[in-house]
Every structure is written in C-alpha cells, then in structure tokens.
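Report on one structure; see the data block that follows.
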C-alpha cells in the first residue's frame with residue numbers, strides 16, 4: 047500500500063475466521079487525507095468485527111452498509127471487495143461492493159471477476175448484496191487492488207488501465223505472489239514516472255499453496 051498523501055483512505059486486511067477460513071479485504075474510501083483515513087478506520091473495524099462474528103460475505107457487507115449509512119455525516123462512501131477463502135478446499139465466496147474487478151489466475155486462465163451491480167457502502171440503506179464464488183486450486187492466485195493502480199496516469203494523461211494489469215497478471219500467473227506484486231508496482235511506477243501520484247495504491251495477492 048502506497049498512500050498519495052501522508053495518510054490514505056485505502057485499506058486491506060487478512061484475518062482468520064475460524065474453521066480454516068480466511069477473510070480477505072481490499073477497500074477504497076472516497077476522498078483523501080485525514081477524513082478518508084478516519085472513515086477507513088471505522089469501516090475496517092466494523093467489517094472485521096461482523097465477519098469474525100460469523101456473517102457470510104453478503105450479510106456482512108449489508109450490516110456494515112446499514113451502520114455506515116446511519117453514521118455518515120460527511121457523506122463519504124467506500125468501495126469494498128470482501129472474500130472468504132476456505133484454505134482446505136480453495137472455495138472462495140466474495141462480494142464486490144462497487145470496487146475494482148479482481149483478477150483470478152485459475153484453471154489455466156487469467157480473467158476479471160465481473161461486477162454484479164452492488165453499490166459502494168455508505169450510500170444507500172436497506173440494500174442486499176449479490177455474492178459470487180469460485181475455487182482456487184493449488185498454486186492458483188487471486189489479485190485484489192484499488193483504482194490507484196489502474197488510474198495511475200503518465201505524462202500524456204493516459205491511464206495505466208485494466209488491460210496492462212491483466213497482461214502483467216498473465217505473464218506472472220505461474221510465479222510467486224511477491225514477483226507478481228513487484229511486477230505490478232514496478233510497471234505502474236515506470237509508467238507514471240514524472241507525474242504526481244494522484245490516488246492511494248493498494249494491492250493484495252493471495253496464492254493457495256499445495257497441500258503438504
């Protein structure tokens with residue numbers, strides 16, 4: 047994670063849920079600076095608390111959304127990708143609440159998980175959230191990120207874009223998470239050289255290892 051200012055509004059988290067399951071989160075609060083950082087901290091605390099309490103991804107985000115809508119005096123919102131990974135089976139359940147489309151490197155393919163129309167959190171109360179699922183096999187990876195990656199601009203005003211990110215993911219699909227992360231952040235830095243970073247940049251790579 048590389049904030050655009052001294053404090054940022056992006057966050058990521060990985061936490062145990064019990065029963066061999068992991069919670070995975072990447073999120074992006076609207077705005078920047080101290081206000082965004084405060085809203086980020088509140089959202090992160092709420093989400094982890096509800097998730098660890100046993101709520102499924104769709105129910106978890108619905109409950110967090112209700113709480114944020116009630117306590118949101120400055121009308122901020124947060125886009126969230128929340129996933130639950132079963133470490134034994136590789137099964138992943140996830141909800142994308144208005145966030146960037148994650149990249150899955152599985153079954154010999156590298157592809158975007160398309161959005162299902164869920165809104166960001168903190169905008170509209172009384173919402174239900176559509177949940178998706180897929181399975182990660184041994185050595186397969188999930189790449190989560192914020193729009194600071196795809197909306198990094200070069201000196202000609204051209205954005206880095208999703209296609210460049212997909213191309214990197216395809217080249218590094220069989221490599222380690224560290225190598226993929228370094229390739230993405232390095233290419234973004236080279237692409238935007240000579241410009242001011244306009245948005246927080248956050249990436250999270252998850253690989254399911256082979257069973258021992």
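Residue numbers (our numbering): 47 to 258. A virtual CB, placed ideally from N, CA and C, is assigned to each residue, including glycine. As the structure is a computational prediction, the values presented were derived from the model and not from experiment.
Any idea which residues DSSP pairs residue i with across the strands?
i	result
residue 61	69
residue 124	75 and 167
residue 138	131 and 180
residue 155	152
residue 47	Paired residues: none, contrary to the question.
residue 244	Looking at the DSSP assignment, residue 244 forms no beta bridge with any residue, so it has no partner.
residue 56	74
residue 252	188
Tell me which residue opens and which closes the alpha helix (DSSP H) that residue i is part of.
i	result
residue 85	79-98
residue 206	Looking at the DSSP string, residue 206 is not in any alpha helix (DSSP H), and its letter there is neither H nor E.
residue 237	223-237
residue 109	103-116
residue 195	193-196
Looking only at its chain, what residues have a beta carbon closer than 6 Å to the beta carbon of residue i, apart from the 5 residues adjacent to it on each side?
i	result
residue 85	75 and 122
residue 216	156
Thinking just about the alpha-carbon of each residue, which of the options is nearest to the one in residue i?
i	options	result
residue 136	183, 170 and 172	183
residue 108	175, 243 and 180	175
residue 194	203, 249, 186 and 181	249
residue 106	223, 56, 188 and 71	71
residue 170	241, 93 and 114	114
residue 210	223, 149 and 252	149
residue 66	98, 48, 92 and 58	98
residue 179	139, 153, 185 and 82	139
Less than 8 Å between the CB atoms is what I'm expecting for residue i and residue j, so what's the real figure, rounded?
i	j	result
residue 111	residue 201	Actually they are not in contact, since the Cβ atoms of residue 111 and residue 201 sit about 39 Å apart, beyond 8 Å.
residue 73	residue 141	Rounded, the Cβ-Cβ distance is 12 Å, inconsistent with contact.
residue 143	residue 167	5 Å
residue 226	residue 218	4 Å
residue 246	residue 77	Actually they are not in contact, since the Cβ atoms of residue 246 and residue 77 sit about 10 Å apart, beyond 8 Å.
Leaving aside the five residues before and after residue i along the sequence, list all residues of the same chain whose C-beta is less than 7 Å from its C-beta, in chain order.
i	result
residue 62	68
residue 240	201
residue 165	143, 144 and 173
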